[in-house]
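Everything on this sheet refers to the single structure shown next.
Below, the structure written as structure tokens:
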């Protein structure tokens, strides 16, 4: 197991950080800085923090893909 001071974030902690990032997108840069700051001293915690940022970016990418797909579908249907 991991030492208590370097335990990965729990799913609840990750969810709270993800919601905070949704409301305050500048926190995405904070998670990146925290990863590089803590990667040598607390590697498991740093990996968890970076995971929050990556999850947020995946969500943004998913929303962008869905929006583009809906626009393309609407454009194709309007030509019929």
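In UniProt numbering, the protein residues as written are 1 to 80.
Heads up, the beta-carbon is just placed ideally off N, CA and C, and yes, glycines get one too.
- Under the three-state reduction of DSSP output, residue 43 falls in the helix class.
- Counting along the chain, no alpha helix (DSSP H) covers residue 9, and no H or E run does either.
- Pairwise C-beta distances place the stretch 35–55 in contact with the stretch 14–27, as three or more of them are shorter than 8 Å.
- Within the same chain, and ignoring the five residues on either side of residue 21 in sequence, the residues whose Cβ sits closer than 8 Å to its Cβ are 27, 28, 31, 52, 53, 56.
- Taking one beta carbon from each stretch, the stretch 2–11 and the stretch 40–51 have 3 or more pairs nearer than 8 Å; the two touch.
- Rounded to whole angstroms, residue 46 and residue 38 show a C-alpha spacing of 6 Å.
- According to the DSSP assignment, residue 27 belongs to the alpha helix (DSSP H) that extends over 27–38.
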